[in-house]
Amino acid sequence: MSIYIVKRMVLAFLLLIIISLITFAFINLSPLNPAVVVLQAQGIPDTTEELIRQTEQQFGLDRPFFVRYLDWGMACLQLDFGHSYVTNQPVWSTLGPAFVNTFKLTLVSSIAIMIVSVVLGVICALQVGKKVDKTVRGIAFILTAMPSYWLAALMIWYFSVKLDWLPTSGMDSYRSYILPVLIITISYAGIYFRNVRSSMLSNMNKDYVLYGRASGLKESVVMMHILRNSLQVAISIFCMAIPIILGSTVVIENVFAWPGLGSLSIRAILSRDFPVIQAYVLILAISFVIFNAISDMINAAMNPRLRNGL
Amino acid sequence: MNIWSNLRHDRIGMLSLVTVIAVIVIGICAPIIAPHDPLTVNMSLRYNGSTWSYWLGNDQLGRCILSRLIYGIRPSILLVLWILLISIGIGTALGFIAGYFKSKVDAWIMRICDIMLSFPGYVMTLAIVGILGVGLENIVIAFILTKWAWFARVIRTSVMQYTELDYIRFAKASGISNWHIIRRHVVPVTFADLTVIASSSIGSMILQISGFSFLGLGIQAPHAEWGMMLNEAREVMFTRPEMMLAPGIAIIIMVSAFNFLADALQVALDPRLHQSASTYTSSKKWQVRI
Numbered sequence: 001m002s003i004y005i006v007k008r009m010v011l012a013f014l015l016l017i018i019i020s021l022i023t024f025a026f027i028n029l030s031p032l033n034p035a036v037v038v039l040q041a042q043g044i045p046d047t048t049e050e051l052i053r054q055t056e057q058q059f060g061l062d063r064p065f066f067v068r069y070l071d072w073g074m075a076c077l078q079l080d081f082g083h084s085y086v087t088n089q090p091v092w093s094t095l096g097p098a099f100v101n102t103f104k105l106t107l108v109s110s111i112a113i114m115i116v117s118v119v120l121g122v123i124c125a126l127q128v129g130k131k132v133d134k135t136v137r138g139i140a141f142i143l144t145a146m147p148s149y150w151l152a153a154l155m156i157w158y159f160s161v162k163l164d165w166l167p168t169s170g171m172d173s174y175r176s177y178i179l180p181v182l183i184i185t186i187s188y189a190g191i192y193f194r195n196v197r198s199s200m201l202s203n204m205n206k207d208y209v210l211y212g213r214a215s216g217l218k219e220s221v222v223m224m225h226i227l228r229n230s231l232q233v234a235i236s237i238f239c240m241a242i243p244i245i246l247g248s249t250v251v252i253e254n255v256f257a258w259p260g261l262g263s264l265s266i267r268a269i270l271s272r273d274f275p276v277i278q279a280y281v282l283i284l285a286i287s288f289v290i291f292n293a294i295s296d297m298i299n300a301a302m303n304p305r306l307r308n309g310l
Numbered sequence: 001m002n003i004w005s006n007l008r009h010d011r012i013g014m015l016s017l018v019t020v021i022a023v024i025v026i027g028i029c030a031p032i033i034a035p036h037d038p039l040t041v042n043m044s045l046r047y048n049g050s051t052w053s054y055w056l057g058n059d060q061l062g063r064c065i066l067s068r069l070i071y072g073i074r075p076s077i078l079l080v081l082w083i084l085l086i087s088i089g090i091g092t093a094l095g096f097i098a099g100y101f102k103s104k105v106d107a108w109i110m111r112i113c114d115i116m117l118s119f120p121g122y123v124m125t126l127a128i129v130g131i132l133g134v135g136l137e138n139i140v141i142a143f144i145l146t147k148w149a150w151f152a153r154v155i156r157t158s159v160m161q162y163t164e165l166d167y168i169r170f171a172k173a174s175g176i177s178n179w180h181i182i183r184r185h186v187v188p189v190t191f192a193d194l195t196v197i198a199s200s201s202i203g204s205m206i207l208q209i210s211g212f213s214f215l216g217l218g219i220q221a222p223h224a225e226w227g228m229m230l231n232e233a234r235e236v237m238f239t240r241p242e243m244m245l246a247p248g249i250a251i252i253i254m255v256s257a258f259n260f261l262a263d264a265l266q267v268a269l270d271p272r273l274h275q276s277a278s279t280y281t282s283s284k285k286w287q288v289r290i
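If you read the protein sequences in the order shown, they are chains A and B.
For what it's worth, full-length UniProt numbering labels the leading residue of the first sequence as 1, then goes sequentially.
For what it's worth, full-length UniProt numbering labels the leading residue of the second sequence as 1, then goes sequentially.
Pasting the structure below:
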């Protein structure tokens, strides 16, 4: 197991370096000269050659690529992602709190997804082929075909405007979490509960269940054994869900005006605020790699067969 | 055709197939079928309900909603099919090279895929749009760049599994050219897997593309696209919530149709699935969700 952990960490580390290089190169691939973007973002309409040179020097854009990469990498390790082209504030001062907000939403949603998928998965597996199973799967099928932002808008209209139960947007109290978490849960639990269900079903056909029943164990005891084995799936769902949701809350955050990374990144993209985009991509890619590594390690700890896969 | 006769007995599958084909045809023939010009603004008809000449009513600029829906098929559905075709093309080519020839080429291609897949899809798309600027073409580029790696990996696995089989080994040993083996013996058997991953990823791709248009990063006004129409409807969501209905339902119908079709195709291609208790779950094994 320790060999696996070391291998997995080395892999994650290599990926992080490559990701940082790509993220840095991204900005340099842009068809626009960053200096021109800075000037335009600051509202200076006429960009003379001289002004561009001056701005390039001010932001250190005239130095060679790898020098800038190393400088940038070192700065990023100290959470210094440069200054926003638009507001001239340090990027981290807006990105940091936004990341925390997005992470809170992600964490609550992942827990909700795990609970809902396990409950539905177990119910459906116990009732396999019966009415409950068919209804739940049918509803899940339709719900996963719905655009999440559409569902979100309808729910805001119904619960927040028509009934006036919940806030329409923002992040003020625990009540602000209800709708966004509900929408994210609906769009992911509909997929993950199938994993729990099929894991339960395949466990039910295993020899140990037959043996347990044959040796006269009570049905409830047998069920506990099946459940325990299927809960592994629940934990891996939880681990998988965090990085995926972290990267895809953009749409939901936008609909609910959640003060998180999603809203921030869209604003940055529309105003072509490169340092913010760069920091956003880097931070999400890093958390993606880290959470994936953690989730692989947890899975390998629970299921030794996976350890040889690396 | 074995697949066809299997599919024909699946009622939901056939219904989905007919829906999909009908919508594609309507989208291609949009100028002939649409009752009005989708861009014609008529302020006197703002927020009109359903009438005989405007079946689905008019939007905030008095444009015909039905015509906008019909023209919206082009970017919302037809474009997704193109993106899918291109990214599957790239993925298949690289997946075949990696899975068939293995060794160093395989290692390199797979490392590149690993790196591509280590970025969450949404973030990658946002990054590319952030660099290249807002617009439908850039969304298309971003989608192709982010999707091919996934297809390459799945197809590689599928190809590898078949090249291990005895009849391929025999063909290799008897000196038949690689190209001939791939064309005659590998492509036909991997075709089933290809169909399944293609059809089951369309649904989520439609949702994603419309999502980006909804955020205002994709197609730009005044062009009609379903996500874009929802974005416009959002502005008047509190006063005219009914404006959200038509495009939303259109998306749901199409995504469900493609998803049902994917399931039906999978069963048709591998009838053994039909007997197993977990048809639903196994059919989702290729589902792409980012």
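We treat Cβ as the ideally placed atom computed from N, Cα and C, and that holds for glycine.
What you are looking at is a predicted structure, and each value in this text was computed from that prediction instead of being measured.
Taking a beta-carbon distance threshold of 9 Å, N33 (chain A) does not count as an interface residue toward chain B. In this structure I202 (chain B) does not touch G227 (chain B) by the C-beta definition: roughly 15 Å separates them, more than the 8 Å allowed. Interface annotation for the stretch 112 to 141 of chain B against chain A: D114, I115, S118, F119, P120, G121, Y122, V123, M124, L126, A127, I128, V129, G130, I131, L132, G133, V134, criterion Cβ-Cβ distance under 9 Å. Using beta-carbon distances, M146 (chain A) counts as an interface residue toward chain B, with a partner under 9 Å. Cβ contact annotation for R272 (chain A) (same chain, cutoff 6 Å, sequence separation greater than five): V37, in chain order. The beta carbon of L143 (chain A) lies closer than 6 Å to those of I186, G190 in the same chain, with the five residues before and after it left out. Shown in chain order are the members of the stretch 265 to 284 of chain A whose Cβ falls below 8 Å from a Cβ of chain B: S265, I266, A268, I269, L270, R272, F274, I277, Y280, V281, L284. For N229 (chain A), the closest alpha carbon among the candidates A:I111, A:A214, A:R197 is that of A:R197. When DSSP states are grouped into helix, strand and coil, C124 (chain A) belongs to the helix group. Using a Cβ distance threshold of 9 Å, A152 (chain A) and V255 (chain A) count as a contacting pair.
The straight-line gap separating the alpha-carbon atoms of R156 (chain B) and R111 (chain B) is approximately 13 Å.
Within the DSSP secondary-structure output, P90 (chain A) pairs in a beta bridge with A:H83.
R11 (chain B) and V91 (chain A) have their C-alpha atoms spaced approximately 55 Å apart. If you draw a straight line from the Cα of L84 (chain B) to the Cα of S215 (chain A), it is about 53 Å long. Of all residues in the stretch 241 to 255 of chain B, those with a C-beta nearer than 7 Å to a C-beta of chain A are P241, M244, G248, I251, I252, V255, reading in chain order. Within chain A, the C-beta atoms nearer than 9 Å to that of L217 (chain B) come from I266, I269, L270, in chain order. In the three-state DSSP reduction, C64 (chain B) falls in the strand class (E or B). Annotation for S44 (chain B): G62 place their beta carbon closer than 8 Å to its own, counting only its chain and skipping 5 residues before and after. The beta carbon of G72 (chain B) is closer than 6 Å to those of A224, E225, W226 in its chain, skipping five residues each way along the sequence. Neighbours of R234 (chain B) across chain A, judged by C-beta separation under 9 Å: Y149, A153, V255.
Only residues of its own chain outside the window of five on either side were considered, and among them I3, N6, L7 have a CB closer than 6 Å to the CB of A268 (chain B), listed in chain order. For F191 (chain B), the enclosing alpha helix (DSSP H) has its first and last residue at 187 to 214. At a cut-off of 9 Å between C-beta atoms, V161 (chain A) counts as an interface residue with respect to chain B. Bounds of the alpha helix (DSSP H) holding P243 (chain A) are 219 to 248. Minimum Cα-Cα distance from S53 (chain B) among the listed residues B:F101, B:G211, B:V134, B:L66 corresponds to B:L66.
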